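Numbering (my numbering), first residue to last: 186 to 520.
Reviewing the structure listed below.
See below:
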């Protein structure tokens, strides 16, 4: 538990309303182990901080100090020896603190117990052996829903994909709801008018760099009979990718609805998707140009795809699509 006091300073300077994001920052601190009683404090602190940042009326500093005191009293191994995981209990402590519950309380007394019960139920449904990361994420997930339902405060919620498996000798793998292979892949659609050149290149490079997290598609409002021959030749020459093997020109209605739409830069002629924000990369069409200019556009597309991949790997995500060609992933994952 050495270093746990540093969490209070982290939380007081935090602006996020997403308790998973806050918890991830705590888990990355040097004092935090793969497993350990520090999680009994961190779950409640992450929830208190997000609750405050989303409009909850609490004295955050006083609440964090109280959470530290209460959570630190739950010993390691309580999950197995008490039949009550400290991460789940921490979620109940969070509700107790924000509602001012005491042993003589009525409604707040009940809410605190209901919260603990929901968290422990989620942990019990998955079963053991214990994983402090998994049990913390389960507790926070149930708490977000419970707070919205019972207290009317809506904290931010995001998908969780765990990257701690290699550090956990008892990882349960596919049985864990946060295990990487269980994560539902997001869909990205790269768009241009004819779906014959830039968008096809982006689909191919997206498959190369992003396939572990995203399903990549391309489409247009019109289609040509085949993919641009120069694009096919250069992609095969430079990357060893035969686009004609798995790709072909497609209309928007031929692909699934995507989570993210990226326009290559055809301005007013670009496909319009009602109700969806389209990120515009502003790339020139290299059709008919010399190989050097053609490759410059391919390299620009590759760079933007690699920036997507790097932002995913580093966990630097935001909740909405940005402008000016910047990429923001709507799904926050564990980094």
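No residue lacks a Cβ here, since even glycine has one placed at the ideal position from N, Cα and C.
On a predicted model such as this, the values are computed, not experimentally measured, just so you know.
Exercise for the section: Kindly list the residues whose CB is nearer than 6 Å to the CB of residue 382, restricted to its own chain and excluding five residues on each side of it in sequence; keep chain order. Expected result: The residue labelled residue 382 in the question sits at position 197 within the chain shown. Excluding positions up to five away in sequence, the list reads 413, 416 and 472.
- Query: Whose CA, out of 418, 260, 193 and 432, lies closest to the CA of residue 375?
  - Reply: Looking up residue 375 in the chain shown gives position 190. Checking every option, the nearest Cα to that of residue 375 belongs to 432.
Quick check: what's the CA-CA separation for residue 480 versus residue 385?
For the purposes of this step, residue 480 is taken as the residue at position 295 of the chain shown. For the purposes of this step, residue 385 is taken as the residue at position 200 of the chain shown. Their backbone Cα atoms lie some 14 Å apart in a straight line.
| field | For residue 496 and residue 228, the rounded distance between their alpha carbons | value | Here residue 228 corresponds to residue number 43 of the chain shown, with the count starting at 1. Here residue 496 corresponds to residue number 311 of the chain shown, with the count starting at 1. The straight-line gap from Cα to Cα measures roughly 25 Å.
### Task
Run the CB neighbour count on residue 267, radius 10 Å, all protein chains shown included, and call it buried at 16 or more, exposed below.
What you label residue 267 is simply residue 82 of the chain shown in a count that begins at 1. The residue is exposed, with fewer than 16 neighbouring Cβ atoms inside 10 Å.
In the DSSP assignment, find the unbroken beta strand (DSSP E) run with residue 375 in it and report its ends. For the purposes of this step, residue 375 is taken as residue 190 along the chain shown, with counting starting at 1. Element bounds for residue 375: 371 to 376.
So, helix, strand or coil for residue 236, using DSSP?
-> Counted from its first residue, the chain shown places residue 236 at position 51. Three-state result, residue 236: helix.
Self-check item: Touching by the beta-carbon criterion (3+ pairs, under 8 Å), the stretch 218 to 233 and the stretch 270 to 287
Solution: yes
- What three-state label does DSSP hand residue 436 in the structure shown? Counting from one through the chain shown, the residue named residue 436 turns up at place 251. Residue state, collapsed to three classes: strand.
Let me check one thing: in DSSP terms, what residues is residue 445 bridge-paired to? As a working note, residue 445 is residue 260 in the chain shown. Partner(s): 373.
message: Here's the rule: buried if 16 or more other CB atoms are within 10 angstroms of the residue's CB, otherwise exposed. What is residue 325?
response: For the purposes of this step, residue 325 is taken as residue 140 along the chain shown, with counting starting at 1. Looking at its Cβ environment, which holds 16 or more other Cβ atoms inside 10 Å, residue 325 is buried.
ask   = Taking Cβ to Cβ, would you say residue 406 is nearer than 8 Å to residue 378?
value = As a first step, residue 406 is located in the chain shown; it is residue number 221 there, counting from the start. As a first step, residue 378 is located in the chain shown; it is residue number 193 there, counting from the start. Yes, these two residues count as a Cβ contact at 8 Å.
Please report the distance separating the alpha-carbon of residue 200 from that of residue 216. Taking the chain shown and counting its residues from 1, the one referred to as residue 200 is at position 15. Taking the chain shown and counting its residues from 1, the one referred to as residue 216 is at position 31. Near 22 Å, if we compare the C-alpha coordinates of residue 216 and residue 200.
| task | Would you mind working out which of 340, 330, 477 and 392 sits nearest residue 490, comparing C-alpha positions? | result | Residue mapping note: residue 490 aligns to position 305 of the chain shown, counting from 1. Comparing Cα-Cα distances from residue 490 to each of 340, 330, 477 and 392, the minimum goes to 392.
Given a cut-off of 8 Å, decide if residue 319 and residue 361 are closer than it, judged by their beta-carbon atoms.
Translated into positions along the chain shown, residue 361 becomes position 176. Translated into positions along the chain shown, residue 319 becomes position 134. In contact: residue 361 and residue 319 (Cβ atoms closer than 8 Å).
I'd like the list of long-range same chain contacts for residue 234, defined as Cβ closer than 6 Å, with 5 residues on each side in sequence excluded. In the chain shown, counting from the first residue as 1, residue 234 sits at position 49. Counting only Cβ-Cβ distances below 6 Å, and skipping sequence neighbours, we find 196, 199 and 207.
Fill in: Opening and closing residue of the alpha helix (DSSP H) in which residue 464 lies
On the chain shown, residue 464 is found 279 positions in, with the first residue counted as 1. Not the alpha helix (DSSP H): residue 464 falls in the beta strand (DSSP E), residues 463 to 465.
request  = Work out the CA separation of residue 444 and residue 464 for me, nearest whole Å.
outcome  = On the chain shown, position 279 is the one that residue 464 refers to. On the chain shown, position 259 is the one that residue 444 refers to. Approximately 12 Å, taken between the alpha carbons.
At the level of alpha carbons, what is the spacing between residue 239 and residue 334? Here residue 239 corresponds to residue number 54 of the chain shown, with the count starting at 1. Here residue 334 corresponds to residue number 149 of the chain shown, with the count starting at 1. Each residue's alpha carbon lies about 15 Å from the other.
* Helix, strand or coil for residue 403, going by three-state DSSP, please let me know. => Taking the first residue of the chain shown as position 1, residue 403 is located at position 218. In the structure shown, residue 403 sits in a strand (DSSP, three-state: E or B).
| If you count every other CB in all the chains shown that lies within 10 Å of the CB of residue 260, and 16 or more means buried, which is it? | Residue 260 sits at position 75 when you count from the first residue of the chain shown. Residue 260 comes out exposed.
Residue 426 and residue 404 closer than 8 Å at C-beta:
Counted from its first residue, the chain shown places residue 426 at position 241. Counted from its first residue, the chain shown places residue 404 at position 219. Going by C-beta atoms, residue 426 is not nearer than 8 Å to residue 404.
- prompt: With distances taken between CB atoms, is the gap from residue 278 to residue 255 smaller than 8 Å?
  reply: As a position in the chain shown, residue 278 is number 93, starting the count at 1. As a position in the chain shown, residue 255 is number 70, starting the count at 1. For residue 278 and residue 255, yes; Cβs fall inside 8 Å.
Under a three-way DSSP split, which group does residue 247 fall into? One-based indexing of the chain shown puts residue 247 at position 62. Residue 247 falls in the helix class under three-state DSSP.
If we ignore side chains and look at the alpha-carbon of each, how far apart do residue 369 and residue 419 end up?
Looking up residue 369 in the chain shown gives position 184. Looking up residue 419 in the chain shown gives position 234. Using only the alpha carbons, I get a separation of about 32 Å.
Q. Within 10 angstroms of its Cβ, does residue 523 collect 16 or more other Cβ (buried), or is it exposed?
A. Any question about residue 523 goes unanswered here, given that the chain covers just 186 to 520.
* Asked: Terminal residues of the continuous alpha helix (DSSP H) containing residue 319?
  -> Numbered from its first residue, the chain shown carries residue 319 at position 134. Taken as a continuous stretch (DSSP letters only), the alpha helix (DSSP H) holding residue 319 covers 317 to 336.
_Simplified DSSP assignment, three categories, for residue 196_ = For this step, residue 196 is matched to residue 11 along the chain shown. Three-state DSSP puts residue 196 in a helix.
C-alpha gap between residue 532 and residue 400, whole angstroms: The structure shown does not extend to residue 532, since the chain spans only 186 to 520, so no value can be given for it.
**Report entry** Expected contact under 8 Å - CB spacing of residue 276 and residue 301 to nearest Å
**Finding:** Reading the chain shown from its first residue, position 91 is the one you call residue 276. Reading the chain shown from its first residue, position 116 is the one you call residue 301. Yes, residue 276 and residue 301 are in contact; Cβ-Cβ is about 7 Å, under 8 Å.
Out of curiosity, what's the CA-to-CA distance linking residue 136 and residue 430? There is no way to answer for residue 136, as the model of the chain reaches only from 186 to 520.
Local Cβ density within 10 Å of residue 241, reported as buried at 16 or more and exposed below that:
Here the question's residue 241 lines up with position 56 in the chain shown. Result: buried.
How many Å lie between residue 321 and residue 485 at the Cα? Working through the chain shown from its first residue, we reach residue 321 at position 136. Working through the chain shown from its first residue, we reach residue 485 at position 300. When rounded, the distance between both Cα atoms is 41 Å.
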